[in-house]
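In what follows, a structure is listed as structure tokens, so that the remarks can point back to it.
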Amino acid sequence: MDSKRPDRRRFLKGGAALAGSLTLGAVKPALGQTPESGQFIKGTDEMIAYGDRSRFVTSKRMPHPPGGRESPDGFGLVFHVAAPLQDSVGMITPSSLHFVGTTRGSYIPDIDPTEHRLMIHGMVDRPLTFTMEDLKRLPSVTRPHFIECAGNRSRPQHKSVQESHGMTSCAEWTGVLLSVLLKEAGVKDSAPWIVAEGAEEVKGASSIPMAKAMDDCMVAYGMNGEALRPQQGFPVRLLVPGFEGIFHSKYLRRIKAVDRYYMTYSDYGHLNREPERAALGYQIGPKSVITFPSGGQQLPGKGFYQISGLAWSGGGAVSKVEVSTDGGRRWMDAEIKGTAYRMAHTRFGLTWNWDGKETELLSRCTDELGQVQPARAQVAEFFNARAGSGFSVPGQDNSIQPWRIASDGAVHNAIT
Ligand SMILES: Nc1nc2c(c(=O)[nH]1)N[C@H]1C(S)=C(S)[C@@H](COP(=O)(O)O)O[C@H]1N2
Ligand SMILES: [Mo]
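First residue of the sequence shown? That's 53 in our numbering, and the numbers climb one at a time after it.
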């Protein structure tokens, strides 16, 4: 009980600021807003069967990078699709707005789930083949997890948080733990790796340390309360909580227990081939970003705001998020909204009374392992590169994102 008091006091203080700076007179009473005839949404068969959002809500995904890029093998014109984090509330990304990462571009396998099979083989006592029905009969788990593409990086030319951070999303996934399937197949102790493969030949294949496979990997068929979307791997995908996006093989059709690291399509040079070191190398570092106010948005004027953002880490649950409203001189603990789940986006917020002067907003995440999100300058120093002049972080970029608030309320990406 006692521990709750400071929060309550902070809230009340925030409340006073709110009343002081919002023009409450402009809010019309809700009564008397009865829609006139013609202002109803017609209940068509489609609307009854599967709902739509309001036509006034226009939040959209976008090709990433902006303008799109052909997939490396030329299958589709849109290689990656970024989620509109600037409009996000809470910690779940709706399935229709989940980012898409694909090595084949917009070319998506159209799989009949009754025909689909998942095979577990290699260094096992009993190779097994599962139908989708078989998988759904097994004990399931439901967990929120983020997926982030290793290519999710902020560049000076990125104007919005969708461009700089939109290649991450968080959904509630349902499926069977991979350990259940591997044990059922009698996986041999001598197998240190698995290779997971999607239904598009070698695409989406990746080598994963056995320790991770037996820990929390999930063979998922459910997403946000319904079947996976085709863009997310229908009918079934692998989830490798906290690991770079490329490990989360979609259209999963085969898992092979193997005696060594296998080169796969996902090999882009920086991967670690010793199982012990790999786990850390593949893990997404502690990361956070302020989604409001963020690049391209416009503050109407000085006064009360709630700074809001997302934090996540491949190392477990987010344990702390700090926010600076003065370019990093002072840091304040943000409020964690709801439960901070392991390897899931976590919403944070901080009440802020803007004095109307130019400033910079930053956020910094600490995870349950005690890992702290680095500043861009620290990352540059580590890689012996010069921050500024368009420095792009090699490997994963989990550096702190600064947003500059100009005195006219315009918000800009402040990295250089
Ligand atoms: N079969 C298959 N699995 C795949 C890929 C792919 O192209 N094919 N892309 C990977 C990459 S690069 C990423 S970042 C994640 C993205 O998952 P999402 O599209 O559901 O967001 O899926 C991974 N799994
Ligand atoms: Mo990716």
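Note that beta-carbon positions come from the ideal geometry of N, C-alpha and C, so glycine has one too.
All values derive from a computational prediction rather than experimental measurement.
| query | result |
| --- | --- |
| L233 - containing alpha helix (DSSP H), residue span | L230 to E236 |
| Alpha-carbon spacing of I260 relative to G348, whole angstroms | 39 Å |
| Simplified DSSP assignment, three categories, for H217 | helix |
| Candidates G353, G447 and P117, of which the one nearest N405 by Cα | G353 |
| Neighbouring residues (CB closer than 5 Å to any heavy atom of ligand 2) | G153, C201, G297 and I298 |
| Exposure of A263, with buried meaning 16 or more beta-carbon neighbours within 10 Å | exposed |
| E412 to M384 span [Cα, whole Å] | 14 Å |
| Check whether D419 and S365 have beta carbons under 8 Å apart | yes |
| Nearest neighbour of D241, chosen from F108, M266 and S301 [CA to CA] | M266 |
| G361 beta carbon near ligand 1 (any heavy atom closer than 7 Å) | no |
| For L129 and G119, believed in contact at Cβ under 8 Å, the rounded distance | Wrong, their Cβ atoms sit about 10 Å apart, outside the cutoff. |
| Cβ-based burial, Y470 [other Cβ within 10 Å; buried from 16] | The first residue shown for the chain is 53 and the last is 468, placing residue 470 beyond what the model contains. |
| Start-end ranges of the alpha helix (DSSP H) lying completely within the region 426–467, minimum 4 residues | 428–434 |
| Status (buried if at least 16 other CB within 10 Å, exposed otherwise) for Q350 | exposed |
| Reference H173, options M143, S415 and L234, closest by Cα | L234 |
| Contact check, A237 vs L180, beta carbons under 8 Å | yes |
| C-alpha gap between I336 and Q91, whole angstroms | 47 Å |
| Cutoff 6 Å; reference S206; Cβ partners in own chain excluding five residues on either side | S216, Q453 and I467 |
| At least three beta-carbon pairs within less than 8 Å, the region 220–229 to the region 145–154 | yes |
| Alpha-carbon to alpha-carbon, K389 and H464 | 26 Å |
| Nearest candidate by alpha-carbon position, reference K458, set A309, P345, E224 and A363 | The identity of residue 458 in the sequence shown is Ala, whereas the question assumes Lys. When only C-alpha atoms are compared, the closest one is P345. |
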